[in-house]
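J.: Quick note on numbering: the sequence shown equals residues 235 to 279 in the numbering used here.
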Amino acid sequence: MLVHGTLHLMGYDHETSDEDAEEMEALEIEILAKLGFENPYTEQQ
Numbered sequence: 235m236l237v238h239g240t241l242h243l244m245g246y247d248h249e250t251s252d253e254d255a256e257e258m259e260a261l262e263i264e265i266l267a268k269l270g271f272e273n274p275y276t277e278q279q
């Protein structure tokens, strides 16, 4: 939530367009991976 919220504070918005959503999601996944967290957008089995 912290990374997601910080991206919003930096001006990213996933509700304006699919392209913006994909850009924000990719950046969020990249940052989380660098911090040692798994992709939160994949389904866990």
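The C-beta atom is built at its ideal place from N, Cα and C for all residues, glycine as well. Just so it is clear, the structure is predicted and the values come from calculations on it, not from any experiment.
With DSSP run on the structure shown, which of helix, strand or coil describes residue 249?
T.: If DSSP states are grouped into helix, strand and coil, residue 249 belongs with coil.
J.: Does the distance from the C-beta atom of residue 257 to that of residue 238 stay below 8 Å?
T.: In this structure, residue 238 does not lie closer than 8 Å to residue 257 by Cβ.
J.: So, helix, strand or coil for residue 258, using DSSP?
T.: It is helical.
J.: With the cut-off set at 8 Å, would you say residue 264 and residue 275 are in Cβ contact?
T.: It is not a contact, given that the beta carbons lie outside the stated cut-off.
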